[in-house]
Amino acid sequence: MKHKAVCLTLALVLCTAGLAFAQVDDINKMLMSSFEMLEKGKYKEAQKILEKVLQKDPGNPLALNNLAAVMVAAKKYDKADSYLNQALPRAKGYMVQVNRVCQVGGICVAFKPVTAGTGNQELAPLVMLNIDMVKAYMAQEPLPAKGPR
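Mature numbering (1 follows the signal peptide of the UniProt record, and there is no 0) puts the sequence shown at residues -22 to -1, 1 to 127.
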């Protein structure tokens, strides 16, 4: 009886780990697809995919960073700033591939996702760079009919 309980527990643990692995793989595929849409200038499609990533993995720093790039393309700088500030705390230790970037609007950079452990740059300093660029742009551009931001 004890042996059956141990086997059942082990099987449950293995199934749960397999599901978690499948979800991570699915998120990585979605992040890659959204990056490809960004590169092609298909921002609405990229936004839809990134929002699905955030439903599955709330606070995913790469999804938030790249969603900020979508907001820059839509000239929604306040939203871009908000997404970047949400990404920053979780971006430490998150690796991306910097040799594949997609610059949006000249002020925000989206990054290519990579499989775990294969990136060449930590995301946090890059998110900070995007925050600085978006804030500098916001400081230059007045809000319509309201003056400086």
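Where a beta carbon is used, it is the ideal one built from N, C-alpha and C, also for glycine.
Whole-number beta carbon distance between A88 and N43, since they are thought to touch under 8 Å:
Here residue 43 refers to the residue found at position 65 when the sequence shown is read from its first residue. Here residue 88 refers to the residue found at position 110 when the sequence shown is read from its first residue. Confirmed, Cβ separation roughly 7 Å.
With three or more beta-carbon pairs closer than 8 Å as the criterion, would you say the segment 8 to 19 touches the segment 56 to 67?
no
Backbone secondary structure at V87 - three-state DSSP
Against the sequence shown, residue 87 aligns to sequence position 109. Looking at V87 - three-state DSSP - the assignment turns out to be strand.
DSSP state of residue 151 mapped onto helix, strand, coil:
The requested residue 151 is not part of the displayed model; the chain covers only -22 to 127.
Just checking my contact of C86 with V105 at CB under 8 Å: how many whole Å lie between their CB atoms?
For the purposes of this step, residue 86 is identified with residue 108 of the sequence shown, where counting begins at 1. For the purposes of this step, residue 105 is identified with residue 127 of the sequence shown, where counting begins at 1. Contact doesn't hold; Cβ gap of about 10 Å is too wide.
Counting along the chain, where does the alpha helix (DSSP H) carrying E29 start and finish?
Against the sequence shown, residue 29 aligns to sequence position 51. Residues 21 to 34.
Does DSSP put V82 in a helix, a strand or coil?
As a first step, residue 82 is located in the sequence shown; it is residue number 104 there, counting from the start. In this structure, V82 counts as strand in the three-state DSSP scheme.
Whose C-beta lies closer than 6 Å to the C-beta of L45 among residues of the same chain, with five residues either side of it excluded?
Counted from its first residue, the sequence shown places residue 45 at position 67. Answer for L45: L28, Y61, listed in chain order.
Mind checking which residues open and close the alpha helix (DSSP H) that includes K57?
Position 79 of the sequence shown, counting from 1, holds the residue named residue 57. Counting along the chain, the alpha helix (DSSP H) containing K57 begins and ends at 55 to 69.
Cα separation between H73 and V48?
Here residue 73 corresponds to residue number 95 of the sequence shown, with the count starting at 1. Here residue 48 corresponds to residue number 70 of the sequence shown, with the count starting at 1. The sequence as given places Met at residue 73; His does not occur at that position. Their backbone Cα atoms lie some 20 Å apart in a straight line.
What number of angstroms, rounded off, separates the C-alpha of Q33 from the C-alpha of Q118?
Mapped onto the sequence shown, residue 33 falls at position 55. Mapped onto the sequence shown, residue 118 falls at position 140. About 34 Å.
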